Amino acid sequence: MRQKTALIYGFLLIFVIIIVHSVEENLKLLSMPFFVFGREIKLSTALSIAIFSGFFVFFVIALALGIDRILFYFFEKLKERSKRESEQIYFKGIDAMMQARPLEAIKHFRESILLNSHSVPAMIKLGDALREAGEVDEAIEWHKKSLLEDNKNITALYALATDYLRKENSEEAKKFLNEIISIQPKRALYALRLLRNIYIKEKNFYKAKEVQKKILKASVLKEEIKEDEIFTVTVDYEIYSLLLEQKRIDEAILGFESLKRNFPNFYPTYIKLSEALLLSGDEEYAFANLKEGFLNSGSIMPLLTMEKIFLEKGEPERAIKEYENIIANNKANHAPRFLLARLLFKLGFFDESESILKELEYELSHFYLLEYLLAKINERRQEYAKACSHYSEMFRIFKPQEFVFVCECGEKSEYYKDFCEKCLKCGTYHSDLEEELNKAIILKEPAYYNYSKSTL
Ligand SMILES: [Zn+2]
1136 MRQKTALIYG FLLIFVIIIV HSVEENLKLL SMPFFVFGRE IKLSTALSIA
1186 IFSGFFVFFV IALALGIDRI LFYFFEKLKE RSKRESEQIY FKGIDAMMQA
1236 RPLEAIKHFR ESILLNSHSV PAMIKLGDAL REAGEVDEAI EWHKKSLLED
1286 NKNITALYAL ATDYLRKENS EEAKKFLNEI ISIQPKRALY ALRLLRNIYI
1336 KEKNFYKAKE VQKKILKASV LKEEIKEDEI FTVTVDYEIY SLLLEQKRID
1386 EAILGFESLK RNFPNFYPTY IKLSEALLLS GDEEYAFANL KEGFLNSGSI
1436 MPLLTMEKIF LEKGEPERAI KEYENIIANN KANHAPRFLL ARLLFKLGFF
1486 DESESILKEL EYELSHFYLL EYLLAKINER RQEYAKACSH YSEMFRIFKP
1536 QEFVFVCECG EKSEYYKDFC EKCLKCGTYH SDLEEELNKA IILKEPAYYN
1586 YSKSTL
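Following our numbering from start to finish, the sequence shown increments by one per residue and tops out at 1591.
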């Protein structure tokens, strides 16, 4: 910097020396007259004026350029200041949102936008707050405005999808979800899940399956895959069920078979597959499949289905035989033994039923249906003392004389509570009996009143 200054001073000095020197050399010439529009002035004066006016013009231009810069700087400063203020008010709005005061938040976000009309975050948050306050249409307007500023803003696109879902307009919601997925095809897990659930709700299972495939590709963590896996079964199960409904039986059977291989614990497959097999005429495989269903899933639903089919066909003895087979071939057989005892009871084989139930009563903790069946059997035999002891055991389990207390949130308790741990409220527990008692207070209109009204 100093060197540069010294250089400039050096040049100026040389310039002055040159001028002084040339003035000395041309003194005679400079004192000669110079004419402007017929008026005589000295040549030296004319030259001085020329040099000075040159300097003056240069100075004016430099000054003008400088003012422009200053003005530009001033407006930028002003803009920045309102941007900063806008930001401060925006954070006030966020604070209000976090404290669940959406109306106050709306006020702050509006102010923030007035100060900075291009603030995308403020527009998005204003829309969110409006949605929270129930003004969904206005929320959509603001979210769309924010998209005009930044048309690939994922937050704005999610916000719009949420707005339309709130309005139950799934067509519009789908558009925005698809937009998100097209922008980030491998990361938009949340959008994909929302889209899949919309299709499931619409019973458009083929589309749901397409999305489900993308979800399984998109999710990375094992836990995340697990969360979505149940939908793979659900969607496929619904598709094959639809085929069955359309009487495309062979395709349905193929589908259910593959589902059975991939998800052996999912018991509904076995029930629907047996339905399809019965329609195709393969009765033996249908029943074998139901037994397999019980063994693989542990659910009694396939067995109950089998029992129902045999009873409808008028072959209860087949049902008994199948139960006996399963019991003989499997160690964990409490469930089929109980089902057999229940069936024998229904068919009137009380002695056989009782002997199984007695064994179960000894092996298992008592439960009310078991005690009820034993009581009923003894009652039929007119062994009232035994029947009564089973009935009282049933009452002991059932506790019908006790009150049950139910919270508004659905939580139940056997004893009175003033505070609910689930919904964290006091005074929300009421006895389930109260509803019944209150019902009894509302008396029906007497018949004669109805009669007199109708004859008017
Ligand atoms: Zn509660």
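Every residue, glycine too, gets a C-beta built ideally from N, C-alpha and C. In this text, all values refer to a predicted model and were calculated from it rather than measured experimentally.
Pick from the options that is closest to residue i, judged by C-alpha positions
{"i": "Leu1362", "options": "Phe1429, Tyr1325, Leu1378", "result": "Here residue 1362 is Glu; the residue named in the question, Leu, does not match the sequence. With distances taken between Cα atoms, Glu1362 lies closest to Tyr1325."}
{"i": "Trp1277", "options": "Asp1486, Met1258, Lys1214, Glu1543", "result": "Met1258"}
{"i": "Thr1290", "options": "Lys1547, Lys1336, Glu1314, Tyr1225", "result": "Glu1314"}
{"i": "Lys1557", "options": "Cys1542, Asp1567, Lys1574, Gln1347", "result": "Cys1542"}
{"i": "Cys1561", "options": "Glu1546, Leu1568, Glu1569", "result": "Glu1546"}
{"i": "Asp1371", "options": "Pro1403, Leu1572, Lys1352", "result": "Pro1403"}
{"i": "Gln1319", "options": "Asn1288, Lys1338, Lys1342, Thr1297", "result": "Asn1288"}
{"i": "Asn1468", "options": "Phe1429, Phe1150, Ile1444", "result": "Phe1429"}
{"i": "Glu1392", "options": "Asn1339, Glu1427, Glu1506, Tyr1497", "result": "Glu1427"}
{"i": "Glu1419", "options": "Gly1390, Ser1376, Arg1453, Ile1205", "result": "Arg1453"}
{"i": "Leu1504", "options": "Arg1515, Phe1530, Gly1201, Glu1514", "result": "Phe1530"}
{"i": "Asp1395", "options": "Val1368, Glu1220, Gln1381", "result": "The question names Asp, but residue 1395 is Lys in the sequence shown. Of Val1368, Glu1220, Gln1381, the residue nearest in Cα terms is Val1368."}
{"i": "Pro1256", "options": "Phe1226, Arg1266, Leu1475, Arg1216", "result": "Phe1226"}
{"i": "Ala1240", "options": "Glu1267, Arg1216, Lys1214", "result": "Glu1267"}
{"i": "Phe1473", "options": "Glu1450, Glu1442, Asp1230", "result": "Glu1442"}
{"i": "Phe1366", "options": "Glu1571, Cys1555, Val1346", "result": "Val1346"}
{"i": "Arg1515", "options": "Leu1568, Phe1193, Phe1485", "result": "Phe1485"}
{"i": "Ser1376", "options": "Glu1569, Asn1339, Ile1152, Asp1230", "result": "Asn1339"}
{"i": "Ile1384", "options": "Gly1416, Ile1205, Ala1470, Asn1397", "result": "Gly1416"}
{"i": "Phe1480", "options": "Phe1554, Ala1235, Pro1451, Tyr1497", "result": "Pro1451"}
Beta-carbon spacing of residue i, residue j below 9 Å
{"i": "Ile1333", "j": "Leu1300", "result": "yes"}
{"i": "Ile1350", "j": "Arg1328", "result": "yes"}
{"i": "Lys1218", "j": "Phe1244", "result": "no"}
{"i": "Ala1411", "j": "Ala1387", "result": "yes"}
{"i": "Phe1538", "j": "Lys1552", "result": "no"}
{"i": "Leu1446", "j": "Leu1438", "result": "no"}
{"i": "Ser1434", "j": "Ala1421", "result": "no"}
{"i": "Leu1178", "j": "Ser1166", "result": "yes"}
{"i": "Tyr1512", "j": "Ser1488", "result": "According to the sequence as given, residue 1512 is Ile; it is not Tyr. Yes; because the gap between Cβ atoms is below 9 Å, this pair is in contact."}
{"i": "Leu1492", "j": "Leu1509", "result": "yes"}
{"i": "Glu1663", "j": "His1501", "result": "Residue 1663 falls outside the range modelled here, since the chain spans only 1136 to 1591, and no answer is possible."}
{"i": "His1253", "j": "Glu1284", "result": "yes"}
{"i": "Asp1263", "j": "Met1232", "result": "yes"}
{"i": "Asn1431", "j": "Asn1460", "result": "no"}
{"i": "Ala1353", "j": "Arg1322", "result": "yes"}
{"i": "Tyr1592", "j": "Ile1374", "result": "Residue numbering for the chain in the displayed model covers 1136 to 1591; residue 1592 lies beyond these limits and cannot be assessed."}
{"i": "Gly1269", "j": "Ser1247", "result": "no"}
{"i": "His1635", "j": "Tyr1550", "result": "With the chain running from 1136 to 1591 in the structure shown, residue 1635 is simply not present."}
{"i": "Lys1279", "j": "Leu1295", "result": "yes"}
{"i": "Val1171", "j": "Ala1181", "result": "yes"}
{"i": "Ile1335", "j": "Asp1298", "result": "no"}
{"i": "Leu1379", "j": "Leu1414", "result": "yes"}
{"i": "Glu1337", "j": "Ser1317", "result": "no"}
{"i": "Asn1251", "j": "Ser1281", "result": "no"}
{"i": "His1168", "j": "Glu1175", "result": "Before going on, a small fix: residue 1168 reads as Pro here, not His. Yes, Cβ-Cβ distance for Pro1168 and Glu1175 is below 9 Å."}
{"i": "Leu1499", "j": "Ala1476", "result": "no"}
Per DSSP, the bridge partner or partners of residue i
{"i": "Asn1331", "result": "Residue 1331 is actually Arg in this sequence, not Asn. Arg1331 pairs with nothing; no bridge assigned."}
{"i": "Ser1548", "result": "Phe1540"}
{"i": "Ser1281", "result": "Answer is none; Ser1281 lacks a bridge partner."}
{"i": "Ser1254", "result": "For Ser1254, which the question treats as bridged, DSSP gives no partner whatsoever."}
{"i": "Ser1566", "result": "Phe1540"}
{"i": "Cys1561", "result": "Phe1554"}
Check: residue i C-beta below 8 Å from any heavy atom of ligand 1
{"i": "Lys1557", "result": "yes"}
{"i": "Glu1546", "result": "yes"}
{"i": "Cys1523", "result": "no"}
{"i": "Glu1549", "result": "no"}
{"i": "Thr1563", "result": "yes"}
{"i": "Glu1358", "result": "no"}
{"i": "Glu1543", "result": "yes"}
{"i": "Lys1560", "result": "yes"}
Contact with chain D by residue i, beta-carbon distance below 9 Å
{"i": "Val1192", "result": "The structure shown contains no chain D; it is built from a single protein chain."}
**Item:** In chain order, each alpha helix (DSSP H) run of at least 4 residues that lies wholly inside the segment 1413-1492
**Value:** For the segment 1413-1492, whole alpha helix (DSSP H) runs of length 4 or above, ordered along the chain, are 1418-1432, 1436-1447, 1451-1464, 1469-1482.
**Request:** List in chain order: all unbroken beta strand (DSSP E) runs of 3+ residues lying wholly within the segment 1221-1249.
**Result:** For the segment 1221-1249, not a single whole beta strand (DSSP E) run of length 3 or above is found.
**Request:** Write down every uninterrupted run of the alpha helix (DSSP H) in the segment 1156-1230 whose length is 4 residues or greater and which is fully enclosed by it, in chain order.
**Result:** You should have 1162-1165.
**Asked** Which whole runs of the alpha helix (DSSP H) in the segment 1339-1413 are 4 residues long or more, in chain order?
**Response** Within the segment 1339-1413, the complete alpha helix (DSSP H) runs of at least 4 residues are 1340-1353, 1357-1380, 1384-1397.
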